[in-house]
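Line order of the protein sequences matches chains V and F.
Once you know that position 92 of the first sequence is 167 in the numbering used here, the rest is easy, because the numbers rise by one and skip nothing.
Once you know that position 66 of the second sequence is 123 in the numbering used here, the rest is easy, because the numbers rise by one and skip nothing.
The structure under discussion appears below in the form of structure tokens.
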Amino acid sequence: MKIINQHSGNYEEIDRLIDRYYEGLTSSEEEKQLRNLLSRKDLPESYKPEQVIFGYFETKKQKRIFMLQPYLRWGTAVAAIVIMAFNLQVFMPTNASNYAFIDGKKTTNVDDIKMHALASLNNVSCDNEEVEKSFDSLNDKEIMKEQLDAFSGLAE
Amino acid sequence: MRSIKKYLVLMSVAIFGILQQLQAQSDLQISKAFDQYGERKGVVMVELTNEMLDGYDFSLFKSITIKDNPTASEFIRKCLAKDEIGAKKVKQVISNGIPTSTYLQLPHKGQLFRLILFSETFKPESKITLIYIESKNDSEDVLKLILKRK
Numbered sequence: 076m077k078i079i080n081q082h083s084g085n086y087e088e089i090d091r092l093i094d095r096y097y098e099g100l101t102s103s104e105e106e107k108q109l110r111n112l113l114s115r116k117d118l119p120e121s122y123k124p125e126q127v128i129f130g131y132f133e134t135k136k137q138k139r140i141f142m143l144q145p146y147l148r149w150g151t152a153v154a155a156i157v158i159m160a161f162n163l164q165v166f167m168p169t170n171a172s173n174y175a176f177i178d179g180k181k182t183t184n185v186d187d188i189k190m191h192a193l194a195s196l197n198n199v200s201c202d203n204e205e206v207e208k209s210f211d212s213l214n215d216k217e218i219m220k221e222q223l224d225a226f227s228g229l230a231e
Numbered sequence: 058m059r060s061i062k063k064y065l066v067l068m069s070v071a072i073f074g075i076l077q078q079l080q081a082q083s084d085l086q087i088s089k090a091f092d093q094y095g096e097r098k099g100v101v102m103v104e105l106t107n108e109m110l111d112g113y114d115f116s117l118f119k120s121i122t123i124k125d126n127p128t129a130s131e132f133i134r135k136c137l138a139k140d141e142i143g144a145k146k147v148k149q150v151i152s153n154g155i156p157t158s159t160y161l162q163l164p165h166k167g168q169l170f171r172l173i174l175f176s177e178t179f180k181p182e183s184k185i186t187l188i189y190i191e192s193k194n195d196s197e198d199v200l201k202l203i204l205k206r207k
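Quick look at the structure:
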């Protein structure tokens, strides 16, 4: 079947390519060229069937509109949950729990627990006076003052 | 839109879960020592909250005493070395070239002062003691009181 196009002037090339297309003679390069030519907006209505064939109208996708408002609302909700969880973690007092594990066995007897707690405190307290004295002298502010005093003569 | 809502709800639940996890584990490496060795044989682990202890007002007191366990000793020392990085003050007692006692004053947690005390003795038996304290009192004062107990 041969369809003859009746366009003239500037559309000769399009008509030629359309004829070749319907005759099944176009190369892939020519089809590409035809597709480009048909995508022009200033084409007469008579080219509409070819434009439809080449999917010009179909390829026009609707632009997605980005709506910020729903994201904002849900984002605020998430932020509120996070802040609430953080506050719970930081400001809530630690749950009261008194227990001890002795050789793998749990006890909740407060007297026993305190006895073991005091025993552990005794273990870390100073064994001799020398160490105790060294800690007494470990006043950082005094040390820093002494060190700074050493440099005070330089300013004169 | 529905998938976004689902995603946001899931995310908030996940964040909440992570925060809870952080709270449970604490920010310190030594918490691993309590978790790992606390319930073993030859170990005494204590936890006291908001209790008066021989005149001390501790918001939280945790201690662990481990006997004859060089592996635990090495592990705790490694944990301490990491916690030392974030400490405000570090005090150590070194005996024969080995740090036998370590005292770490940590940054505040809210209004609470935090302290880590570690001691290792070899005579008459090998014994490690690790203590974690949270108190409203100045950690310097708490430390002085503890060290002068004997």
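We put the beta carbon where it would ideally sit given N, CA and C, even for glycine.
**Report entry** chain V contacts from the stretch 132 to 155 of chain F (Cβ-Cβ distance under 8 Å)
**Finding:** K146, K148 and V150
Query - Residue of V:N184, V:I128 and V:E105 minimising C-alpha distance to E104 (chain F) - result: V:N184
Query - Alpha carbon of Y189 (chain F) to alpha carbon of L143 (chain V), nearest angstrom - result: 48 Å
Requested in this report: Please check if any C-beta of chain F sits within less than 7 Å of the C-beta of F141 (chain V).
Outcome: no
Query - Spatial neighbours of K89 (chain F) in its chain, beta-carbon cut-off 7 Å, leaving aside the 5 residues before and after - result: C136
Query - Residues, ordered as in the chain, of the stretch 175 to 189 of chain F that lie near chain V by beta-carbon distance below 8 Å - result: F175, S176, T178, K184, T186 and I188
**Report entry** chain F contacts made by the stretch 83 to 117 of chain V, where a contact means CB separation under 7 Å
**Finding:** none
**Report entry** Contacts around G112 (chain F), its chain only, beta-carbon distance under 6 Å, and the 5 residues preceding and following it disregarded
**Finding:** none
Report task. Output the boundary residues of the alpha helix (DSSP H) element that contains A194 (chain V). Result -> V185 to V199
Report task. Sort out for me which residues DSSP pairs A175 (chain V) with in a bridge. Result -> V:T182 and F:V103
Query raised in the report: Ends of the beta strand (DSSP E) at P164 (chain F)?
Result: I155 to K166
Query raised in the report: CB S195 (chain V) to CB T128 (chain F), shorter than 7 Å?
Result: no
Requested in this report: Kindly indicate the opening and closing residues of the beta strand (DSSP E) around E191 (chain F).
Outcome: K184 to S192
Requested in this report: Could you please give the first and the last residue of the uninterrupted alpha helix (DSSP H) stretch that includes R110 (chain V)?
Outcome: S103 to L113
Query raised in the report: Tell me, which residues are paired with I158 (chain V) by DSSP?
Result: Per DSSP, none; premise fails for I158 (chain V).
**Report entry** Reduced DSSP category for K148 (chain F) - H, G, I as helix; E, B as strand; rest coil
**Finding:** strand
Query raised in the report: Taking Cβ positions only, does I87 (chain F) come closer than 7 Å to chain B?
Result: Absent from the structure: chain B. Protein chains present are V and F.
**Report entry** Exposure label - E125 (chain V); buried when at least 16 CB within 10 Å
**Finding:** buried
Query raised in the report: If we count the other Cβ atoms within 10 Å of its Cβ and call it buried at 16 or more, is R171 (chain F) buried or exposed?
Result: buried
Query raised in the report: For L92 (chain V), which three-state DSSP category applies?
Result: helix
Query raised in the report: Under 7 Å Cβ-Cβ, which residues of chain V neighbour S158 (chain F)?
Result: V199
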